[in-house]
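K.L.:
Supplied in structure tokens, the structure appears directly below.
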Amino acid sequence: MKKLAIIVPCYNEEAVLQQSYLRTKAALAGLDYLIEFIYINDGSFDRTRELLDEIAAGDAQVKVIHFSRNFGHQAAVTAGINHCDADLAVIIDADMQDPPELIPDMLALQQAESAHVIYCVRKSRAGERRFKRLTSKLFYRVLNFMSDVNFPLDTGDFRLIDRKVMHEFDRFKERGKYVRGLISWVGFKQVPFYYTREARIGGRTKYSFRKMWKFAGTAMLYFSNKPLRLATSLGFIAVFVGVILALWFTLGKIYGFNHANSGWTSIMTTVIFFGGVQLLTVGVLGQYVGILFDELKARPEYIIDEKRNFRDSK
Ligand code: UDP
Ligand code: MG
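If you want our numbering, it's the 1-based position in the sequence shown plus 286.
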């Protein structure tokens, strides 16, 4: 029988864990697969740890990885994939925003299409603030404009992947992982699956503005050097404007069609504008240098404190 793993990153999810586990288990009960859960406790400081240990104690099919601290959603998903030995895996959030009842349909689609990835596309999102919906829509579109890869729009980490994809994913060496982007980058046959994203069944979002910002930064900088190229283009435009202005003022002085020394405002505007352009381009450069620095240090992406119900090497 084929094995299906359910990978669930959890950060302070005490409000939803029990319900989430039971509901997922019920949704998968009729399937002809060996089911196993991989829960990653991403350094929670509520009762997530105890709850997960309890679930694992009562169900040998539940594997748990406790991180030594909070390493972030993407690191947690990465650890889940790295520790998975199943034939197929579904990545799903603990908060049930992505309904586990869809998994049987995803599996059926995967079989029918002989696909390696089934990625779930949000037709609409319920119970989320306008700000989140707007920034998220904007994010996927800007990312596509910036990046050299064409990513499917409005797609989260909720997806089904097979062994082949997991095997390739395990080979990625980069520390800043934008998981959904990397999976899409891998290639093979990838098929969309449309669904409605629901509201959280409990608790609050664990993605603070700071985390969202960092996430967007990783996605953008790791998948594109267009910001650098944009900086160069900006430089060219600035030089062009500068030359035109210089000609205009010099010729104006000679032929008397303008009086260059009257313009305090124009000088200030130019100084501030070019100051801004310079800071911006140096900033973009700094971002990439920062990434190089982080990657060069080659620290581990996550540190594991403890594992439960893992039998052999994985
Ligand atoms: N999560 C995590 N580490 C973090 C932040 C979030 O493992 O630092 C998990 C969280 O427990 C949830 C999933 O990632 O299972 C998605 O987070 P959340 O639902 O808060 O994000 P949203 O759906 O609001 O974008
Ligand atoms: Mg959520």
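No residue lacks a Cβ here, since even glycine has one placed at the ideal position from N, Cα and C.
What first and last residue would you give for the alpha helix (DSSP H) that runs through Tyr574?
P.N.:
Taking the sequence shown and counting its residues from 1, the one referred to as residue 574 is at position 288. Segment 550–583, the alpha helix (DSSP H) holding Tyr574.
K.L.:
Can you name the residues that DSSP bridges to Asn327?
P.N.:
Locating residue 327 in the sequence shown gives position 41, where the first residue counts as 1. BP columns for Asn327 point to Cys296, His352.
K.L.:
Run the proximity test for Lys450: is its beta-carbon closer than 7 angstroms to any non-hydrogen atom belonging to the ligand UDP?
P.N.:
By one-based count along the sequence shown, residue 450 stands at place 164. Checking every heavy atom of the ligand UDP against the Cβ of Lys450, none is found closer than 7 angstroms.
K.L.:
In or out: Gly329 buried (at least 16 other Cβ within 10 Å) or exposed?
P.N.:
Counting from 1 along the sequence shown, the entry for residue 329 is found at position 43. Gly329 sits buried, since 16 or more C-beta atoms from the chains shown fall within 10 Å of its C-beta.
K.L.:
Keeping to the same chain, check which residues put their C-beta closer than 8 angstroms to that of Ile589; ignore five residues upstream and five downstream.
P.N.:
Working through the sequence shown from its first residue, we reach residue 589 at position 303. If we look at Ile589 and ignore the five residues flanking it on each side, its Cβ neighbours are Phe353, Ser354, Arg355, Phe357.
K.L.:
Quick one: does the C-beta of Lys311 sit closer than 7 angstroms to a heavy atom of the ligand UDP?
P.N.:
Here residue 311 is taken as the residue at index 25 of the sequence shown, counted from 1. Lys311 Cβ: outside cutoff for every heavy atom of the ligand UDP.
K.L.:
Any chance the region 378–385 sits against the region 451–464, with 3 or more Cβ pairs inside 8 angstroms?
P.N.:
no
K.L.:
By the 10 Å Cβ neighbour count, where 16 or more other Cβ atoms means buried, how is Thr334 classified, buried or exposed?
P.N.:
As a working note, residue 334 is residue 48 in the sequence shown. Flag for Thr334 reads buried.
K.L.:
I'd like the span of the alpha helix (DSSP H) that includes Ile589, first residue to last.
P.N.:
Counting from one through the sequence shown, the residue named residue 589 turns up at place 303. Counting along the chain, Ile589 falls outside any alpha helix (DSSP H), and DSSP gives it neither H nor E.
K.L.:
Less than 8 angstroms between C-beta atoms, sequence neighbours within five positions excluded: which residues of the same chain meet that for Leu571?
P.N.:
Your numbering for residue 571 matches position 285 in the sequence shown. Cβ within range, chain order: Leu514, Ala517.
K.L.:
For the ligand MG, list every residue whose C-beta falls under 7 angstroms from any of its heavy atoms, going in chain order.
P.N.:
Asp379, Asp381, Gln383, Arg486, Thr491
K.L.:
Using a Cβ-Cβ cutoff of less than 7 angstroms, which residues in the same chain neighbour Tyr574 once the five nearest sequence positions on both sides are dropped?
P.N.:
Counted from its first residue, the sequence shown places residue 574 at position 288. So the list reads Leu507, Leu514, once near-sequence residues are dropped.
K.L.:
Could you please give the first and the last residue of the uninterrupted beta strand (DSSP E) stretch that includes Ile404?
P.N.:
If you number the sequence shown from 1, residue 404 lands on position 118. Ile404 -> beta strand (DSSP E) spans 403–411.
K.L.:
Could you tell me the distance, in whole angstroms, from the CA atom of Ala389 to the CA atom of Arg461?
P.N.:
Counted from its first residue, the sequence shown places residue 389 at position 103. Counted from its first residue, the sequence shown places residue 461 at position 175. Strictly speaking, residue 389 in this sequence is Ile, with Ala absent from that position. Their Cα atoms are separated by approximately 29 angstroms.
K.L.:
State the Cα-Cα distance for the pair Cys370 and Ile324, rounded to the nearest angstrom.
P.N.:
Here residue 370 refers to the residue found at position 84 of the sequence shown. Here residue 324 refers to the residue found at position 38 of the sequence shown. Computed Cα separation, rounded: 8 angstroms.
K.L.:
Keeping to the same chain, check which residues put their C-beta closer than 7 angstroms to that of Asp443; ignore five residues upstream and five downstream.
P.N.:
For the purposes of this step, residue 443 is taken as residue 157 along the sequence shown, with counting starting at 1. Excluding sequence neighbours, Asp443 sits near Val363, Ile377, Val465, Arg466.
K.L.:
Can you tell me whether Glu340 is helix, strand or coil according to DSSP?
P.N.:
In the sequence shown, residue 340 corresponds to position 54, counting from 1. Here Glu340 sits in helix by DSSP.
K.L.:
For Thr441, count neighbouring Cβ atoms within 10 angstroms of its own Cβ and tell me buried if that reaches 16, exposed if not.
P.N.:
Against the sequence shown, residue 441 aligns to sequence position 155. The residue is buried, with at least 16 neighbouring Cβ atoms inside 10 Å.
K.L.:
Does Val451 come out as helix, strand or coil in the three-state DSSP assignment?
P.N.:
Sequence index remark: in the sequence shown, residue 451 carries index 165 (1-based). Looking at Val451 - three-state DSSP - the assignment turns out to be helix.
K.L.:
Which complete alpha helix (DSSP H) runs does the region 437–522 hold, if anything under 4 residues is left out?
P.N.:
449–456, 465–472, 495–508
K.L.:
Could you pull out every residue in the same chain whose Cβ sits closer than 6 angstroms to the Cβ of Ala401, ignoring the five residues on either side in sequence?
P.N.:
Numbered from 1 along the sequence shown, position 115 holds the residue referred to as residue 401. Taken in chain order, the residues that qualify are Lys475, Val477.
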